[in-house]
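Here's the structure we're looking at; comments come further down.
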Amino acid sequence: MDDGLDAGLVLELPTDIQSIESAVEFVMSRCDSCRTRERRVSLNFRVGLTEALANAMLYGNAHDPSKSVVVVLSVGEGRLQATVRDHGAGFDPSAIPDPTRPENITRSCGRGLYLMRQLLDEVSFNDRGNEVTLVLRLDPGSALEGGAQA
Amino acid sequence: MSFQVSRSGEVTLIEVEGQLIVGNRQELKQKVLEQLDGGDRKFVIDFANTGYIDSSGLGVLVSLSKKIREQGGELRLSSLNDDLRTLFELTKLDTLFRITENKSQALEGF
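What follows is the structure, encoded as structure tokens:
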């Protein structure tokens, strides 16, 4: 496979929310699969990665510009994978309330993890909770119409 | 992202160009709040030239809608592409906003 991410890609980003859009665009430009799987990847993976980076910078690193966010990307075995790690204390993802419930629907925050789970096939965290791994399967029939529900 | 602000009768129309995401959401929020402070009450935000919105962008729209309603006004959204509609449907925010096919429909009878 002639994919720009075939050998993997590691990025270390400063905590700067202004950098998120260009970082995501860079990743998408390096990934042949991202160009050929139009909506599946251009929406699901793009939004999922944007959310993971935003969470890492806003909540994990708490806006601290001296702390970085490390992104590890790979394509292989029919899957596109991104791992995003921050330097924060971590969090308990099971404690995040469902933002679609009536009592939460008018809250202005709390939709990032929900969107990741809806748009990606797999969303998992390390024990500490400062590293999230996103997986989008590239085989037909997965992710776009739902995604991970964990 | 950039946006253009224009008036159509009593309605303030804001046309967003580019992505509405965590890095630029405050610009849109600040602009709408300025208009709200200046007495505007009817708002349409048009996304005909917007690729996608992240959760922070969605959050800003929710926050603005609440503030506008508190002042007796209304925020309508228009011209969402299929991706944006998917995001609004996934988050059930399509139930919170009046969303129209295009800006003309949004302005109609406002």
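As given, the protein sequences belong to chains A and B, one line each in that order.
Position in the first sequence (first residue = 1) + 888 = the numbering used here.
Position in the second sequence (first residue = 1) + 825 = the numbering used here.
No residue lacks a Cβ here, since even glycine has one placed at the ideal position from N, Cα and C.
Excluding the 5 residues flanking it on each side, ALA942/A has same chain C-beta neighbours closer than 8 angstroms at ILE905, ILE908 and GLY1000, in chain order.
Annotated as distal: VAL957/A and THR938/A, with beta-carbon spacing of 7 angstroms or more. Secondary structure at THR925/B: strand, using DSSP grouped into helix, strand and coil. DSSP places VAL885/B inside the alpha helix (DSSP H), whose first and last residues are 880-895.
Under the 8 angstroms Cβ criterion, the stretch 893-900 of chain B does not count as touching the stretch 976-989 of chain A, having fewer than three qualifying pairs.
When C-alpha distances from GLY863/B are compared across ILE893/B, LEU845/B and ASN849/B, the shortest belongs to ILE893/B. Along the stretch 896-931 of chain A, the beta strand (DSSP E) occurs as fully enclosed runs of 3 or more residues at 897-902, listed in sequence order. ASN1014/A: not part of any beta strand (DSSP E); DSSP gives it neither H nor E. Neighbours of ALA942/A across chain B, judged by C-beta separation under 9 angstroms: ILE846, VAL847, GLY848, ASP879, SER880 and SER881.
Every beta strand (DSSP E) of 3 residues or more that sits fully in the stretch 974-1015 of chain A is shown, in chain order, as 1010-1013. Proximity of chain B to ILE984/A at the Cβ level (cut-off 7 angstroms) is not reached, the minimal Cβ distance being about 12 angstroms. For LEU897/A, the nearest beta carbon of chain B is not closer than 7 angstroms to its own beta carbon. In the assembly as shown, ASP871/B is a buried residue. Its beta-carbon has 16 or more other beta-carbons within 10 Å.
Here DSSP, grouped into helix, strand and coil, assigns ASP952/A to coil.
Beta-bridge analysis with DSSP links ASN906/B to no other residue. A Cβ of chain A is located within less than 7 angstroms of the beta carbon of THR916/B. If you look at ASN943/A, you'll find it in the alpha helix (DSSP H) that goes 934-943.
Put simply, the backbone Cα of SER962/A is about 12 angstroms away from that of MET916/A. With a cutoff of 7 angstroms on beta-carbon distance, THR925/B and SER903/B are scored as near each other. In this structure, VAL869/B lies near LYS928/B, with their beta-carbon atoms less than 7 angstroms apart.
It is roughly 11 angstroms from the alpha-carbon of GLY934/B to the alpha-carbon of GLY834/B.
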